[in-house]
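Start counting the first sequence at 1; every next residue gets the next number (UniProt numbering). Please read the structure below before turning to the comments.
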Amino acid sequence: MDLARLQQASAVEWRIGPHGRMRVPAVIFADEDLVRQMDDKVYEQITHVAALPGIVQAAYAMPDAHWGYGFPIGGVAAFDADEGGVVSAGGVGFDISCGVRTLHTGLTVADIAPVKQKLADRLFASIPAGVGSSGKLRLNSVDMDAMLRGGACWAVERGYGSPADLERIEERGCVAGAAPEHVSEAAKRRQRDELGTLGSGNHYLELQEVTQIYDVPAADRFRLRVGELVVSIHCGSRGLGHQIGTEFLKAMVLAAPAHGIDLPDRELACAPIDSALGQSYLGAMRAATNCALANREVITHLVRQVFADVVPDSHLALVYDVSHNTCKQESYTVDGKAKRLYVHRKGATRAFGPGHPGLPPELRDIGQPVIVGGSMGTASYILVGTEASHQLAFSSACHGAGRAMSRHQASRTWHGRALVDELAAQGVLIRSPSSRGVAEEAPGAYKDVRAVVDAADRAGLARKVARLRPLVCIKG
DNA sequence: ATGTGC
């Protein structure tokens with residue numbers, strides 16, 4: 001991106017003043033190197049988002065932002081229903097409520113050294129991964145609707161996961177307002193046997209070692225200690241979310257003229273929050289959110305079974321579960337007025353600061369754990385939400401390293417087999433059903449996650465707490 | 001991201 005098109009507000013904040021059809025400014029949080037590397041498409045997309053009806057304050061891009069469908073991935077935008085605000089299927093993304101959860105194990109590197117290979121093989125055998133993979137659960141239509149309404153709470157009621165997990169999940173594991181009646185039969189059919197599966201692309205399950213602590217009090221509260229192991233699970237709502245996204249994108253494009261919306265880009269398909277279509281989408285999107293929460297809960301159960309078998313001394317407890325692709329109603333003060341806004345985060349993590357009522361009581365004084373997943377074979381980070389982020393970017397932070405190269409280009413640049421060998425030599429065991437999938441996810445196809453996290457920290461979006469190094473990676 | 005797409 002050409003820096004001349006931006007006004008630099010600080011070392012890590014760049015502004016684009018309203019021009020053309022923009023209703024509000026656009027703001028990019030990143031250091032100079034990251035901004036230079038950013039695709040010009042991010043500029044184009046974030047200014048288009050700033051032109052949507054009812055947008056409040058500004059359109060934001062996080063340090064990991066890159067070209068997405070309509071909205072950039074790493075984009076944040078909030079809309080006011082009272083000002084004709086919209087909800088956008090492209091603003092949430094196809095993989096609705098894709099997210100990451102991290103569990104601490106109470107184990108050290110030494111504890112698992114003798115069984116590392118066995119753990120990798122057993123996790124790979126137990127957690128289905130890859131395109132079209134299916135799990136052991138089969139949901140009939142009654143179960144499907146109950147799951148879509150109940151999320152992780154449904155899973156726990158069925159014996160998957162534990163009640164204590166729910167306190168450590170956004171919205172306590174179950175988003176209100178889910179409307180399974182607005183989820184098509186096609187979407188439900190695709191999901192019938194996909195619960196408890198990882199999926200493909202950048203989804204993964206990793207065994208990670210805590211290698212560095214930056215904030216001791218927060219790390220203590222999150223029970224993260226150097227040399228100890230955690231498990232991180234990154235996945236979403238599989239075929240169901242994708243089907244919902246596809247169907248509503250189409251419907252929103254078709255209905256835009258009737259809603260009086262002149263789309264700056266048809267990929268930004270949206271509908272007024274107060275319209276029937278907007279409400280149907282919100283109901284279906286919330287159902288997909290619950291599907292993703294149930295999925296991560298079922299996978300957690302499968303992971304615990306493997307650990308109970310291979311390392312009986314372990315006790316896997318959830319640190320936190322964050323969603324990356326969502327639209328949520330949250331309270332903010334804008335121009336001195338209290339507002340309930342519809343905050344879209346696409347490839348961005350909610351990052352509530354200390355004192356936020358949406359946090360579980362035991363974490364309320366310290367802030368929300370923010371999990372930033374790195375690319376395959378590279379570090380991940382745990383951060384904590386700040387009070388400043390509330391005003392800076394609707395309590396949002398980055399979600400990962402962010403792609404720097406297309407999948408296609410990556411698959412032509414690297415070979416999966418060679419990458420697996422290379423990473424094994426560095427002590428990272430990769431298990432994946434797809435050699436090409438591994439090539440597409442090559443660490444070199446991503447931005448430097450450390451630079452992304454440092455920029456988020458310097459901008460005040462969230463504060464660094466701990467660094468994690470992968471030991472085992474089950475890749476979709 | 002995806003019962004993948006050139």
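Ideal Cβ positions, reconstructed from N, Cα and C, are used throughout, including at glycine.
query: Counting pairs of beta carbons, one from the stretch 55 to 71 and one from the stretch 262 to 278, are three or more of them closer than 8 Å?; result: yes
query: Quick check on this structure: which residue in 358, 229, 317 has the alpha carbon closest to the alpha carbon of residue 329?; result: 358
query: How would you label residue 475, buried or exposed, when you count the other beta carbons within 10 angstroms and need 16 or more for buried?; result: buried
query: Taking the Cβ atom as the reference point for each residue, do residue 291 and residue 92 lie within a distance shorter than 9 Å?; result: no
query: Would you please state the rounded distance, in angstroms, between the beta carbons of residue 281 and residue 85? I believe it to be under 8 Å.; result: No, residue 281 and residue 85 are not in contact; Cβ-Cβ is about 13 Å, not under 8 Å.
query: Can you give the beta carbon distance from residue 237 to residue 95, rounded, assuming they're within the 8 Å contact cut?; result: 7 Å
query: My assumption, with CB atoms under 8 Å, is that residue 123 sits in contact with residue 319. Please give the rounded CB distance.; result: So it is not a contact: roughly 19 Å between Cβ atoms.
query: Is residue 378 helix, strand or coil when you go by DSSP?; result: coil
query: Closer than 8 Å to a non-hydrogen atom of the ligand NAD - does that hold for the CB of residue 156?; result: Among the components modelled here there is no ligand, and therefore nothing to report on the ligand NAD.
query: I'd like the span of the beta strand (DSSP E) that includes residue 33, first residue to last.; result: No beta strand (DSSP E) contains residue 33, which is instead part of the alpha helix (DSSP H) from 32 to 37.
query: Taking the alpha-carbon positions, what's the residue 219 to residue 382 distance?; result: 9 Å
query: On the three-state DSSP scale, how would you describe residue 261?; result: coil
query: From residue 12 to residue 142, what distance separates their C-alpha atoms?; result: 50 Å
query: For residue 140, count neighbouring C-beta atoms within 10 Å of its own C-beta (all shown protein chains included) and say buried if the count is 16 or more, exposed if not.; result: exposed
query: Taking DSSP as the reference, what is the three-state secondary structure of residue 370?; result: strand
query: Just how far apart, CA to CA, sit residue 174 and residue 5?; result: 42 Å
query: State the start and end residues of the unbroken beta strand (DSSP E) segment that holds residue 325.; result: 325 to 334
query: Applying the criterion that 16 or more other CB atoms from any shown protein chain within 10 Å of the CB defines a buried residue, is residue 254 buried or exposed?; result: exposed
query: Closest to residue 249 by C-alpha separation, out of 278, 226, 231, would be which residue?; result: 278
query: Look at residue 325 and residue 195 and say whether their C-beta atoms are less than 9 Å apart.; result: no
query: Just to confirm, are residue 376 and residue 306 a CB contact at a threshold of 9 Å?; result: no
query: Taking its Cβ as the centre, do 16 or more other Cβ atoms sit within 10 Å of residue 258, making it buried, or is it exposed?; result: exposed
query: What did DSSP end up calling residue 410 once you bin it into helix, strand or coil?; result: helix
query: Apply the 10 Å Cβ neighbour rule to residue 76 and answer buried if 16 or more other Cβ atoms are within range, or exposed otherwise.; result: buried
query: Mind pulling the beta strand (DSSP E) runs of 3 or more residues that sit fully within the stretch 126 to 198?; result: none
query: Which residue from 463, 448, 469 puts its Cα closest to that of residue 65?; result: 448
query: Is there contact here, the stretch 49 to 64 with the stretch 10 to 29, by at least three beta-carbon pairs under 8 Å?; result: yes
query: Buried or exposed for residue 101, please, with buried defined as at least 16 other CB atoms from any protein chain shown within 10 angstroms of its CB.; result: buried
query: Anyone know if the C-beta pair for residue 397 and residue 245 falls short of 9 Å?; result: no
query: Look at the alpha carbon of residue 483 and the alpha carbon of residue 445, and state the distance between them as a whole number of angstroms.; result: No answer is possible for residue 483: it lies beyond the span of the chain, which begins at 1 and ends at 476.
query: Looking at residue 321 and residue 436, is the spacing between their C-beta atoms short of 9 Å?; result: no
query: Does the separation of the CB atoms of residue 441 and residue 132 fall below 9 Å?; result: no
query: Have a look at 46, 402, 7, 63 and flag the residue whose alpha-carbon is nearest the alpha-carbon of residue 458.; result: 63
query: Pick from 395, 374, 419: whose alpha carbon is nearest that of residue 402?; result: 374
query: Between which residues of its own chain and residue 59 is the CB-CB distance below 6 Å, once the five residues before and five after are set aside?; result: 26, 46, 49, 50, 77
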